[in-house]
Amino acid sequence: MIRFFDVIFAFTGLLVLSPLLFVLIILGYYDTGSPIFRQLRMGKKKKLFYLVKFRSMYLRTPSVATHLASASNITPIGKFLRKSKIDELPQLWNVLIGDMSLVGPRPNLFNQVELIEERDARGVYSVRPGITGLAQINKIDMSTPKFLAVIDAQMINEFNIIIYFKYIILTIFGKGFGDRINKR
Numbered sequence: 001m002i003r004f005f006d007v008i009f010a011f012t013g014l015l016v017l018s019p020l021l022f023v024l025i026i027l028g029y030y031d032t033g034s035p036i037f038r039q040l041r042m043g044k045k046k047k048l049f050y051l052v053k054f055r056s057m058y059l060r061t062p063s064v065a066t067h068l069a070s071a072s073n074i075t076p077i078g079k080f081l082r083k084s085k086i087d088e089l090p091q092l093w094n095v096l097i098g099d100m101s102l103v104g105p106r107p108n109l110f111n112q113v114e115l116i117e118e119r120d121a122r123g124v125y126s127v128r129p130g131i132t133g134l135a136q137i138n139k140i141d142m143s144t145p146k147f148l149a150v151i152d153a154q155m156i157n158e159f160n161i162i163i164y165f166k167y168i169i170l171t172i173f174g175k176g177f178g179d180r181i182n183k184r
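Structure representation (structure tokens):
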């Protein structure tokens, strides 16, 4: 049932938001020359996939977990994209093709060893990763791997259709934030 809603919402979102997405792609070309960012992430059953986002950092920025990246790497347009969470909209494509769900644990990088071990021990990789979830609406990011894995497991154990809609609504209305960035 969740997959049905994921497909309907992702398709509708991409269709309705296509004019905005087009404008953001054009702005992205002016900002960095490459508006779409693809990064290898770990999904359900630890299967690797390419997560897509609007680029918010300069092209030569090292591919590390966001909390390890420097704020000086964020572009002027990227600051707005991150603050508004609009940089996440292309992930509706990841939802549509089945790599992600709207709600689930955020997909980690393949080299975040401590987080992978903590999540593996708690069965977090048994579900599709999501755009939003319990950790995101409570401002918990990947800088605290064990705590994040505990919260992810809690969300999975308590998950139902009501929670699915609750997390989507809370995210749309601004609860939570994106991953923390180093202030340096």
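Residue numbers (my numbering): 1 to 184. Idealized CB from N, CA, C, for every residue including glycine. As the structure is a prediction and not an experimental result, all values here were calculated from the model.
Going by CA-CA distance only, name the one from the options that's closest to residue i.
i    : options               : result
G78  : L96, P35, K45         : P35
R122 : G98, F80, Q154        : Q154
I8   : K44, I162, I97, Y167  : I97
E118 : F37, A149, N138, K139 : A149
M142 : K44, F11, I161, P107  : P107
D120 : K45, L51, L20, I26    : K45
D130 : L20, L14, L51, F22    : Here residue 130 is Gly; the residue named in the question, Asp, does not match the sequence. Cα-wise, what sits closest to G130 is L51.
N160 : K83, V127, Q112       : V127
Under 8 angstroms Cβ to Cβ from residue i, same chain only, skipping five residues before and after it: list those, please.
i    : result
T75  : D31, T32, R55, S56, M57, Y58
N73  : M57, Y58, T61
Y164 : I2, F5, L102, V103
L48  : L40, R41, M42, F110
L24  : P35, F54, L81, I86, L89
F147 : I140
Once the 5 residues before and after residue i are set aside, which same chain residues still bring their CB inside 7 angstroms of it?
i    : result
E114 : P145
Should residue i be labelled buried (16 or more other beta-carbon atoms within 10 Å of its own) or exposed?
i    : result
D29  : Per the sequence shown, the amino acid found at residue 29 is Tyr instead of Asp. Counting Cβ neighbours within 10 Å, Y29 comes out exposed, since fewer than 16 surround it.
M100 : buried
I181 : Legend: pLDDT at I181 = 46, less than 50; position of this residue unreliable, value from coordinates given subsequently. The residue in question, I181, is buried, as its Cβ has 16 or more Cβ neighbours within 10 Å.
R38  : exposed
P105 : buried
V16  : exposed
I137 : buried
I26  : exposed
I162 : exposed
Spatial neighbours of residue i within its chain, please: C-beta separation below 6 angstroms, excluding the five flanking residues on both sides.
i    : result
K183 : In this prediction, K183 scores a pLDDT of 49, lower than 50, which makes its location untrustworthy; no coordinate-derived value is stated.
L134 : I151, M155
T171 : T132
D87  : K53, F54, S56, L81
K175 : I137
Considering residue i, what are the terminal residues of the alpha helix (DSSP H) in which it resides?
i    : result
M155 : 145–158
Q136 : 134–137
V203 : Since the first and last residues shown for the chain are 1 and 184, residue 203 lies out of range.
T171 : 161–172
D120 : 113–121
S84  : 76–84
Mind reading off the beta-carbon distance from residue i to residue j? Whole number of angstroms is fine, and I expect it under 8 angstroms.
i   : j    : result
R41 : L109 : 6 angstroms
V95 : A10  : 4 angstroms
What residue range does the beta strand (DSSP E) around residue i cover?
i   : result
I97 : Premise fails: I97 is in no beta strand (DSSP E) and is neither H nor E.
F22 : No beta strand (DSSP E) contains F22, which is instead part of the alpha helix (DSSP H) from 18–31.
I36 : 36–42
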